[in-house]
Amino acid sequence: MSSSNASNERPAWVAHHFDTAGQQVSSAKLGMWLFLATEALMFSGLFLAYFLIRKLHPDMVLVASEELNKAYGGVNTVVLIFSSFTMALGVRAAQVGNQKSLERNLMITIACAFIFMGVKYIEYSAKIHHGLLPWNFFDMEKAAHHSAALASFEYTPMFFGIYFTMTGLHGLHVVIGIGVLTWILIRARRREFTPDNYVAVENVGLYWHIVDLVWIFLFPLLYLVK
Amino acid sequence: MIATFIPPDKLGTPPMSESPWALLPTASNHAAALDTLYVFITILCVISMILIIGAQLYFMVKYRKRSDNDRTNPITHNTKLEIGWSVIPSLFLIVIFVWGEVQFMDMSSPPANAIDVRITGQKWQWTVAYPQFPGGPSLSCPGNAADCEPTEKTPTLYVPLNEPVRLTMNSVDVIHSFYIPAFRVKKDVVPGRYSNLWFTAIEEGEFPVFCTEYCGDEHSSMLAKVIVLPKSEWAATVKKATELKLEEGETMAHYGERLYGINGCAACHTLDGETKVGPSFKGLYGRTEQLSDGSSLAADDNYIRESILEPNAKVVAGYSPQMPSFQGKLKDEQITALIEFIKAQK
Amino acid sequence: MSNQTHDSVEPSYLVAKKGLLSWLITVDHKRIGLMYLVATLFFFMVAGLLAILLRTELFTPGQDFMSAQTYNQVFTLHGAIMVFLFIIPSVPAAMGNFLLPLMLGARDVAFPKLNLLSFYIYCIAAVMLVLTLVMGSLDTGWTFYTPYSSTTGTAVIMATLGVFIAGFSSILTGLNFVVTVHKMRAPGVTWNRMPLMIWAIYATALIQVLATPILAITLMLLCIERVLSIGIFDPALGGDPVLFQHFFWFYSHPAVYIMVLPGFGIVSELITVHSRKHIFGYRAIALSSVAIAVISFLVWGHHMFVSGQSELAGVVFSFITFAVAVPTAIKVLSWVATLYGGSIRYTTPMWYAMIFLWTFTVGGLTGLYLSTLSTDVHLHDTYFVVAHFHYVMVGGTVIAFLGGLFHWFPKMFGRMYNERAGAISALLVFIGFNVTFGTQFFLGHQGMPRRYYAYLPEYEYLHQISTVGSWVLAAGLFLVLFTLLAGLKFGKHAPANPWGGVSLEWHTATPPIEHNFHHIPHVESGPYDFPEIDWDSAKH
Amino acid sequence: MSEYVFLNGKRVENPHESHHHISPVIVYVAVFAALLVLTGLTYAVSFANLGPGSLPVAMLVATMKASLVVAFFMHLAYEDRFYLFMFLTSLVLIALFFGFVLFDVNAAGALNDEQAVGVPRLEEGLKASETAPVAGEVEAPAPDAGH
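Chains as they are written, first to last, in the numbering used here: chain P, 1 to 226; chain W, 1001 to 1346; chain X, 2001 to 2540; chain F, 3001 to 3147.
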């Protein structure tokens, strides 16, 4: 069911170098999908580093991953999936022009993002407290005191090196997501989006879903290693 | 610091082929096999060049602009021709690939009865050791002279004629690459894992060894020498080159000086007070040293002994912990000799 | 064709807006293209001078006028600046930005503001890379191999961040071009009616988008290795340095196709326009561009045959590398076939296209030695490799870039250059280039290793010839610069279509107006249907 | 200007009318529920200690979740086919990159053993306590007992 704007005159928001609104929207979306492909390729480098560490030191990874708190990981996963859900509802609200529901969903998504970062903060401080950090900052006494099994492996800090890199880069993308979502919320408040011109909301939605997607793969690999 | 470049006459310059167009000396089994493939590819390339550039030049002359109202040929494509010039080169490519692949497989599977030699790459020095002749690293004087200054000696790989030799190589710091042009063999020497390389020398003589993986300031002077000897002389020469013990009547300090030259201490510790990578030995003995963790202690016998075996335990302030450990490389008697030598450096 | 009546009334994009600010915040793809052109040519000169320093130092075996450390820093910066600041952005960003919308009949690229942003990201990257000179320079080689790069004291982090940011500029440009080619084509410009320059830039943009993120993550891991040290590249901490080479070459081999594919695009245009002939095998050349782009992702292991990579992987990579040779051969043979039955005009661009065919064919054929497993064991990391990649990079991309510069100079600036000076520059570049790098093939097969500061005296004779050759090449390149600058100042006004090209960029004014076309052109015929071709002779 | 607008050679009737796919809310709720169930499944997989099989199964579950999000939340199911093609190309590149690198890391040690070279595998490396076989007396680098 297509929107009814069948007239020929050119809406204001179509940029001068585009001939039709459809051309501008599809260009924006193709550009976003290409950007998402680059994001996926960048994170794939880190996932390969993880698989390499797992191949080089399989038993160390199993023991070291026990240190990660599965409950916090689980909460974070549900929070992110819920925020993905509300984001999708937000995009749908923009499509049908339901202004109130768009703003509400955006706010919930941003709230979930903050919760996610909060849980991340708790996890990181627990690790720092136990000295479970990459090589340069790894504290063998604290780690050994924390759990004897860890100290028996020679390359334990390697796991925490890749753990902090992956979750750190993902966390950075969540923070960028918060910034971009707030910007879209401001524009939504200014009623800039109409059922014909909502591609900005959709692109931010796509970005947020990719951030959630990366966590969906990251969570089982880091937390639920068996 | 200027690269301590080993002057060529000290290094048995290779009997290079007279003109740059001739091939290198074919001094190993791989070299002989490889050169035929090398020449085959060259012939293939020359013929293709002649065909392509010849056609180009012919067209350039024949179809140059005659007048303003020239009419040009409407041909836009010719499927048969295009398929032809895709399939024919592919056939040649497959031939080269298979030929190269067979040789490569032969190059990377050493025979079981090969003589085992251990090579260690370290920042800017090769160390050649023979498990059969335990002792010091195998070195030789320039021009194969009987005796010369310890610091002038070049690491040398003595190889018997017509006998397979397998090199098991490892690096202690960064990636190096052991390359003997005359034998057409090369393998990266990677820290943290062993890499191996084998050949059978088929021609006597001296050949240079290069390091071909960039490894820092003196990458270009990290050279060594391969000397191919008849099977009969090989064992005796190696035994003499690698033996490292206190001759009768030789003072411990002089023995220490020989060890100082052979084990590559000169690469980082100078004798004239100028700091290179590590502290200079001049006036070191007995001086109180300020350590990196703030404490300070006198540089006495056991500090030097400990620094040789676990160099990173007590590092002097201002120096980075780069020194490789000599644990298992130096016997106690040799460490005492080195300490005597350092004492003598006032 | 679209009517030309009131093109001449409107001012050209050069004079439409005045003042430095109008250039710095422009979103006009033509102005951004020129800004890229000036920046990349500047860095080409900087890195070129570093190259002359290198060659002059190698004149004698021992030390001439710089120490080993300085020499290592000079060759590293020569490599890094040439690769990341000149050859990757030069053709796609400088010429691609200028020509893509014009050849497609569009008014601008899909995301003009993003285009300007990627130029400024490029400027930040350039500043950071040049800043490393001040902060202890860089001596790891442009390949940043660990564990040397993670342990050396030089400014590796500043350099890797600079290259990391240059990667973003490359991704955004590639993304912009892919969307433009898909969504902004003028009516009638179907996939088979696009000029081959567009096919080449489209294939390059695809590689830029899909390969550069891996470089981003590799360099980020290197920075983290130096600061926090994860240890996957450091053997002492449980990792393996060969992994870095896998990560690095997975980007860097597609990157060498980012460098050379645009050169192919330019040559296709030059040869057709100047020999007044339809391209021979349009579909074959277009598809081989995409085929090269695809295969380029499968062959990175041929840089690591002797690096401790397993022999089985070496065999697989060697076989696929041979597969890349076929589409490249098809291209070269199709270009030579295009000359058949033509009416060849020997203008400067055509001279450059002709010497391209020689230098690139030599570069391509010497690649056979390096993709064959056993000969690569002998030739890896020797001057043979240096000669091979210079024949493909300088002999391929740079000579095509110079040809393209002379070809579209009238369209960009509305002035003509001095034809005689251009031809002499082509001759000088040809002689200097072949003398410099031709001798290096023999140096390499004699076993002279790469990146050597001091060498055995046997190699001195060839090194001296090569050094003299490099001076001739430098003279030729400076002559190119003076010819173009003189053309800019004193050149007479160029006619609207000096070469008689029929692709869309020649249908608008010279230099083009601000938004390219008054009325969006309707294209009915292909980009190579020259008036001189007598189609009816094909009937009987 | 009422001149007709063409796009890629085809005349466009009403150029500024754009058609989007709007899926009903129920689709989103269903996908959300499915995602929660699958997350529970991921937990179950990890506690069901399938041994070596747990990684592939966990990856399978994660891929199912990912394809749900991509298809419905990101509307890829209703979009222009080229976006799907681009996304799959990047996945193929990732698989290629992983495949070759992991194959190589795996094969590096194996080949040495296969040729009975008796070269210690990667894990032992040099850091372990065995004596470096250079100048001192040589015994086969015994696998160190530390682990």
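Glycine included, each C-beta is placed from N, C-alpha and C at the ideal position.
Item                                                                                                                                                                                                  : Value
Identify, in the order they occur along the chain, each residue of the same chain with its Cβ nearer than 7 Å to the Cβ of L1309 of chain W, setting aside the five sequence neighbours on each side. : S1325, F1326 and Q1327
Can you give me, in chain order, the residues of the stretch 3078 to 3100 of chain F that have a beta carbon less than 8 Å from any beta carbon in chain X?                                           : F3082, T3089, S3090, L3093, L3096, F3097 and F3100
When DSSP labels each residue in this structure, what does Y2340 of chain X get in the three-state scheme?                                                                                            : coil
Quick one: residues in its chain with C-beta nearer than 7 Å to the C-beta of N2418 of chain X, no 5 flanking neighbours on either side, listed in chain order?                                       : T2483, A2486 and G2487
So is T1275 of chain W buried or exposed if we call it buried at 16+ other beta carbons inside 10 Å?                                                                                                  : exposed
Please list the terminal residues of the continuous alpha helix (DSSP H) segment that includes Q99 of chain P.                                                                                        : Q99 to H129
Under 8 Å by Cβ, that's how I've got H2013 of chain X and P2511 of chain X pegged, so tell me the actual separation to the nearest angstrom.                                                          : Residue identity differs from the one stated: residue 2013 of chain X is Tyr in this sequence, not His. About 6 Å; that satisfies the 8 Å criterion.
Excluding sequence positions up to five away, which residues of its chain have a Cβ less than 6 Å from the Cβ of I1339 of chain W?                                                                    : D1301 and I1304
Closest by CA to A1182 of chain W, which one among W:V1172, W:F1210, W:N1162 and W:R1166?                                                                                                             : W:F1210
How many angstroms separate the CA atom of I1342 of chain W from the CA atom of A144 of chain P?                                                                                                      : 41 Å
Is the CB-CB distance between K1123 of chain W and L1139 of chain W below 8 Å?                                                                                                                        : no
Name the residues in the stretch 132 to 150 of chain P whose C-beta lies less than 8 Å from a C-beta of chain X; which are they?                                                                      : L133, P134, W135, N136 and F137
Output the boundary residues of the beta strand (DSSP E) element that contains Y1179 of chain W.                                                                                                      : H1176 to I1180
Got a sec? Which residues, its chain only, sit under 7 Å from F2119 of chain X by beta carbon, not counting five neighbours each side?                                                                : I2032, M2035 and Y2036
Under the rule that 16 or more other beta-carbon atoms within 10 Å means buried, what is H1030 of chain W, buried or exposed?                                                                         : buried
Say whether chain W places a C-beta atom closer than 8 Å to the C-beta of L2277 of chain X.                                                                                                           : With the sequence shown as reference, residue 2277 of chain X is identified as Lys, and Leu is not the correct amino acid for it. Cβ-Cβ to chain W under 8 Å: yes for K2277 of chain X.
Opposite M2416 of chain X in the DSSP bridges: which residues?                                                                                                                                        : In DSSP, M2416 of chain X forms no bridge with anything.
I'd like the list of long-range same chain contacts for T2160 of chain X, defined as Cβ closer than 7 Å, with 5 residues on each side in sequence excluded.                                           : F2144, L2219, L2222 and C2223
Taking just the CA atoms, how far does P2241 of chain X sit from L56 of chain P?                                                                                                                      : 13 Å
What number of angstroms, rounded off, separates the C-alpha of E3124 of chain F from the C-alpha of T1168 of chain W?                                                                                : Residue confidence is low: E3124 of chain F scores 41 on pLDDT, short of 50, so the model does not pin down where it sits. Its coordinate-derived value is still stated next. Cα to Cα, the separation comes out at about 16 Å.
Any idea if F2042 of chain X is buried or exposed, counting beta-carbon neighbours within 10 angstroms, 16 or more meaning buried?                                                                    : exposed
Hey, could you find the ends of the alpha helix (DSSP H) D1332 of chain W is sitting in?                                                                                                              : D1332 to K1343
Per DSSP, what kind of secondary structure is D212 of chain P in: helix, strand or coil?                                                                                                              : helix
Kindly identify the DSSP beta-bridge partner or partners of W1198 of chain W.                                                                                                                         : W:R1166
Is there at least one Cβ from chain W nearer than 8 Å to R2450 of chain X's Cβ?                                                                                                                       : yes
Any idea if N3106 of chain F is buried or exposed, counting beta-carbon neighbours within 10 angstroms, 16 or more meaning buried?                                                                    : exposed
Please confirm if D2028 of chain X has its CB atom under 8 Å from at least one CB of chain C.                                                                                                         : Annotation note: the requested chain C is absent from the structure, which comprises protein chains P, W, X and F.
Count the other CB atoms, across all protein chains shown, that sit within 10 Å of the CB of W13 of chain P; report buried if there are 16 or more and exposed otherwise.                             : exposed
According to DSSP, what are the bridge partners of W1126 of chain W?                                                                                                                                  : W:G1121
For the beta strand (DSSP E) containing E2057 of chain X, list its first residue and its last residue.                                                                                                : Per DSSP, E2057 of chain X belongs to no beta strand (DSSP E); it is in the alpha helix (DSSP H), H2029 to E2057.
Consider the Cβ of E154 of chain P: report whether some Cβ of chain X lies at a distance smaller than 8 Å.                                                                                            : yes
Among residues of its own chain, excluding the 5 on either side of L3038 of chain F, which ones have a beta-carbon nearer than 8 Å to its beta-carbon?                                                : V3061, M3064, K3065 and L3068
How many angstroms separate the CA atom of G1256 of chain W from the CA atom of T1120 of chain W?                                                                                                     : 22 Å
Using a Cβ-Cβ cutoff of less than 7 Å, which residues in the same chain neighbour S84 of chain P once the five nearest sequence positions on both sides are dropped?                                  : W208, H209 and D212
Interface residues of chain X around N1073 of chain W at Cβ under 9 Å?                                                                                                                                : K2277, H2278, Y2340, G2341, G2342, I2533, D2534, S2537 and A2538
Which term fits V1172 of chain W, buried or exposed, when burial requires 16 or more other beta carbons within 10 angstroms of its beta carbon?                                                       : buried
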